[in-house]
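Protein chains in written order, with our numbering: chain A, 545 to 668; chain B, 1269 to 1581; chain C, 11 to 225.
Don't be surprised by glycine CBs; every beta carbon is placed ideally from N, CA and C.
Just so you know, these numbers come straight off a predicted model, no measurement behind them.
Data first, discussion second: the structure below is written as C-alpha cells.
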Amino acid sequence: MSFTILVVDDSAFARKVLTNSLKSIFSGKDFILSEAGDGEEAMSIIKADAPDFLFLDLTMPIMDGYQLLSELKKLNINIPTVVISADVQGEAVKKVNEYGVLGFLSKPLNKEEITKLLAEVKII
Amino acid sequence: MPQVNLELMIEMFNNLDQGMILINEKNEICIWNDFMSRHSQKEMTEVAGKVIFDVFPSLPKLWLTMKFKGVHQLQNISKVSWEQRPVLFEFFHGGTMLQNCTFIPVCDRETHRKYICIKIQDVSSYAKDKLELKELLLINKSLEEISNTDALTGIYNRRHICSALKEQIHKAAELKHTLAVVMFDLDHFKSVNDNYGHIVGDRVLQNVSEIVSSSMLENSSFGRYGGEEFIIFFTRYSIEDVREWTENIRLKISQGGVESREGMVNITASFGLAEYTPEIKDDLELIHNADVALYHSKKEGRDRVSCFTCYEH
Amino acid sequence: MSNIKFTSEEYDLLTELINVAMGLSAAELAKLFDHFVNLKVPSVNIESSENLPETIIKHSLFAELEEVIVVHQKFDNDYSLKGEGAIIFNQKTQEAILPLLDLKPDDIGTAEFNDFLLEFSGQLISSCLSNLLKQFFENPTTFESPVIISKEETLRHVAYKSFEYGYQQYGDILYSKIDFIIDIVNFQCDLFFFIDTESLSYLQKVLQKMLSENN
C-alpha cells in the first residue's frame, strides 16, 4: 500500500535535498512524494490528497510553518509531522512541540540525520 | 620527546610585560599572571573563580559579554585598540594605563572546555604621542572650518571648494552654461612618504599645487579634496578644451620634481574628467562621475587622463 | 564590474544558504539576549557595482535623504571569498534596539550605545558570513574590527562616499535585507556585501557544484 509524503519548504534546493534523501531511504518502497512552496499551497494539497506524512520548514513566506500547524490544529487534521529549521533555539522547539510534532530536524540537512530521525519515530 | 619544563614556562609567563588572564565560559578568572597581580594589587589566588566583571566593575558588561560570545562561537581572535577604548581594565596603581587588548580563543585539548585568553598590552607612552598628534589634527580641522584655505598648500580646502561647486551646479542648471570637474590623485604618493619622509611628501604636494595654480584659467577654481586628491572645476569651457588643459598639466607634473637628500623625487598623477549634464542631481553625483573616470585612469596604468563620457560602460 | 549572472536556481540556493546561516546566527544571538530571536532574510540579489551609489540607493530600505548609520567590516576567507559587509540602519532602528539594553532614548549617541551598535552589527555580519561560508568551506574567515562609517549622514551621501571607501574595487554587490525580531523588538536593516569578481566567480562555482550534487 503506497503512502504519500508532503515536503513543504520555500527553497527549491532544500526540497530537492530532502526528496533525494527520501527517495534513497525509501527506494524500492511504494510511495508518492509531493511538494509545496508555502503554507497556503501545502494546505490545498493536504485538503485534496490527505498525505500520510509531512516535512515542514518553519520559515516561509505567505504562511509559515507555525501558522500552518496552527491551522491544521484548528481543523483537527492530524498528520505525523517532522519540522525542519535552521533555527535550533529552545523556544522554537518548544513552540513546535505544543502542536505535537514527531521531531525536529536542523538545517543544513543531511541524509544520516534524516534516516536516524525516521528510525526513531518508527517510520522505517 | 623532551620534557617541557613547566617551572620555566611559568617563570616566562610571569615575567611577560603584558597582562594575561584566562577566563572560562562563565567568564570566571582561571589564571592570571604577575603583571596583573602587580597592577591590580590582587594575587591570582584572590581572584581565581571570580567573575571578571566582579573583579573589574568598570568593565562595559554587555559589550564585553557580546565580544566574549563572539570569540567563543566564531573562534576568531578579536582585538580592541586603545583608540576604540582607551582604558578597558582600570588599574588604580601606577596611573592610567592606555591599553590594546586581544581576546584569543583557547580550548583545553583533553576536556574540550573553551576559554578566552585576554592579553592586555600597555601602550601608554606610544598612545600619548599619538593623542598629541590627534589633538593637533583636530585643531587644524577646526581652523579649516573657519578659513577657506588649506594650511599646507594655500589653495582652497575641501569644504570651500565643494561648497563653491554646489553653487556652480545651480548656476549651470539655471543659466545652461557648461561646467566640468577634474579630479586628480597623485600616483604612489604613499611610497613617497614612506621612502623620503613626510617633509618631502609635503613639498611634493606644495609643488603640485604650485604647478596647477600657476596654470589656472579664468572661470576655474582649484582646491584640495583629500590627502593626495585634488579637484578643479571649469565653467564656460568645452570638454575638449578642459581635456587639453588637463593633459598639459599631467605632463608638467610628470616632468617636474622635488629635490631631496636622496635625489630628485618625481611624481605623476592620474586624472578623471566629468561634465555636468542636466540629469545630474547634485555635486555628489558629478564628483562621483569624475571619480569613476579617475579610477579608470588608475586601472589603465596611471599618469593619464580619462573622461567619464568618453568610455561608455 | 563583473558580468557574472546567477541563474534562478543559483539564487534560490544562495538565499537558502543565507537563511540557514541566519537561523544559526539567530540561535547564537538568542543565547546572548536570553530571548527568542528571529532573523529572516527574505531574498538575496547580486548586481554589478557598476553604478555603485545608485545601486545602494535603489536597493536600500531607506529613503535617499534619510539619515542613516552604516557599520562595515572587512572579511577574508583565504583563497575563497574576500570583501566587505555593511549594515545600514536608521534612527528608528536605534530606538527599536534600546529595550534590549535597558537604555533610554537619551542614551542614543552615547559611547556605550555606539559600542553596542558596533559590536552587534559586527556580530550580525561576521556571524552570517561565518555560518554561510562554513557550509561549504572549511577554512576560517578572518574579520577586521567593525567600523561605524557614518552616523548622521543621508543615505545619498553615504552611497556616494562609498567610492571613497574603496568599494569600487569590488566588482559586485550582494544585497539583502534582514528582518530582525526579538521579543518586542522588531526592526529591519540593509545588508550589503561587496565582493570582488574572483570571489563571486568562485562562489558561483561552489553553488553549481552543490546543485549538481543534488540533481
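When the Cα of residue i is compared with those of the options, which residue comes out closest?
i	options	result
C/T164	C/S18, C/F190, C/V47, C/N100	C/N100
C/Q145	C/N55, C/L134, C/S211, C/G33	C/G33
C/P156	C/H82, C/K68, C/D86	C/H82
B/R1306	B/F1360, B/K1294, B/S1506	B/F1360
B/I1299	B/G1317, B/E1293, B/N1283, B/Q1309	B/G1317
C/I194	C/V216, C/L108, C/L62	C/L108
C/S59	C/S209, C/F204, C/L217	C/F204
B/L1485	B/V1468, B/V1450, B/W1513, B/D1470	B/W1513
B/S1565	B/A1558, B/S1538, B/P1546	B/S1538
B/P1402	B/E1351, B/A1432, B/T1421	One point to set straight first is that residue 1402 of chain B is Lys, not Pro, in the sequence displayed. The candidate whose alpha carbon is nearest that of B/K1402 is B/E1351.
C/S35	C/S172, C/Q133, C/D206	C/Q133
B/Q1405	B/L1562, B/G1495, B/I1289	In the sequence on display, residue 1405 of chain B carries Leu and not Gln. Minimum Cα distance to B/L1405 is reached at B/G1495.
C/F202	C/N149, C/A106, C/T151, C/T65	C/T65
So residue i contacts chain C; which residues on that side make the cut at Cβ distance below 7 Å?
i	result
A/A558	E26
A/T603	N29, K50
B/L1330	L111, F126
B/L1433	Those do not exist, as B/L1433 stays about 13 Å from chain C at its closest Cβ, beyond 7 Å.
A/D631	G33, A36, A37
A/N564	N224
B/N1295	Within 7 Å Cβ-Cβ: nothing; B/N1295 doesn't reach chain C, min ~13 Å.
Please go through the same chain and pick out, in chain order, the residues whose beta-carbon is closer than 8 Å to the beta-carbon of residue i, but skip the five residues on each side of it.
i	result
C/A40	F46, V47, I192
B/V1472	L1454, F1457, V1460, V1526, V1533, I1535
B/H1581	Any reading at B/H1581 must be qualified, since the residue scores a pLDDT of 40, below 50, and its modelled position is unreliable; the value itself is stated next. There are no such residues.
A/L602	D608, G609, Y610, V627, I628, S629, D631, A636, V640
A/G583	V552, M604, I606, M607, D608, G609, Q611, L612, E615
Enumerate in chain order the residues of its own chain whose CB-to-CB distance from residue i is below 7 Å, with the five nearest sequence positions on each side excluded.
i	result
C/S70	I98, L165, D200
B/E1530	Y1464
C/S211	I14
B/N1475	G1524, V1526
Using the beta-carbon of each residue, which ones in chain A are nearer than 8 Å to residue i?
i	result
C/L108	Correct list: empty, because the minimum Cβ distance to chain A is about 22 Å.
C/Q145	P652
C/V47	Q633
Along the chain, where does the alpha helix (DSSP H) that runs through residue i open and close?
i	result
A/G583	583-593
B/G1540	It is not in any alpha helix (DSSP H) - B/G1540 instead sits in the beta strand (DSSP E) that spans 1537-1543.
C/D125	121-143
C/E64	62-69
A/N564	556-569
B/Y1424	Per DSSP, B/Y1424 belongs to no alpha helix (DSSP H) and is neither H nor E.
B/W1350	From DSSP, B/W1350 is part of no alpha helix (DSSP H); its letter is neither H nor E.
A/L616	609-618
C/E223	207-223
B/K1337	1329-1342
C/L113	From DSSP, C/L113 is part of no alpha helix (DSSP H); its letter is neither H nor E.
B/D1220	Look at the range of chain B in this structure, 1269 to 1581, and you will see that residue 1220 of chain B is not part of it.
Considering only residues of the same chain and omitting the five flanking positions on each side of residue i, which have a CB-CB separation below 6 Å?
i	result
A/L613	Y643
A/S565	K655, I658
B/Q1343	P1373
B/G1491	I1423, Y1424, I1429, I1499
A/L577	I549, T563
C/P115	none
C/K84	E94, E154
C/S90	F147, Y212
Between residue i and residue j, which are expected to be in contact by the criterion C-beta below 8 Å, what is the C-beta distance as a whole number of angstroms?
i	j	result
B/R1504	B/N1487	5 Å
B/A1395	B/L1366	4 Å
B/L1447	B/F1371	In fact, because the Cβ distance is near 52 Å, the residues do not count as touching under 8 Å.
C/E26	A/F557	5 Å
B/E1287	B/M1312	As written in the sequence, residue 1287 of chain B is Gly, which differs from the Glu given in the question. B/G1287 to B/M1312, Cβ: 12 Å. No contact.
B/K1520	B/I1479	5 Å
C/Y170	B/H1438	With 8 Å as the limit, C/Y170 and B/H1438 do not qualify as a contact, their Cβ atoms being about 18 Å apart.
B/F1281	B/N1301	5 Å
Taking the beta strand (DSSP E) that residue i belongs to, which residues open and close that run?
i	result
B/R1492	1488-1492
C/H82	77-86
C/G181	Run containing C/G181: none; DSSP gives neither H nor E here.
Whose Cβ in chain B lies nearer than 9 Å to the Cβ of residue i?
i	result
C/F190	Near C/F190 there are no residues of chain B at all, since even the closest Cβ is about 15 Å away, more than 9 Å.
If the cut is a Cβ gap below 7 Å, which residues of chain B does residue i touch?
i	result
C/H167	L1552
C/Q133	M1334, G1338
C/P63	H1556
List, in chain order, every chain A residue whose beta-carbon is nearer than 7 Å to that of residue i.
i	result
C/L23	F557
For residue i, which residues in chain B fall below 8 Å Cβ to Cβ?
i	result
C/K41	K1337
C/F203	None at all; the shortest Cβ gap to chain B is about 17 Å.
C/Y170	L1552, E1553, I1555, H1556
Quick one: which chain C residues come within Cβ less than 8 Å of residue i?
i	result
B/K1347	S155
A/V561	N224
A/N641	What A/N641 touches in chain C: nothing, since even the nearest Cβ is about 14 Å away.
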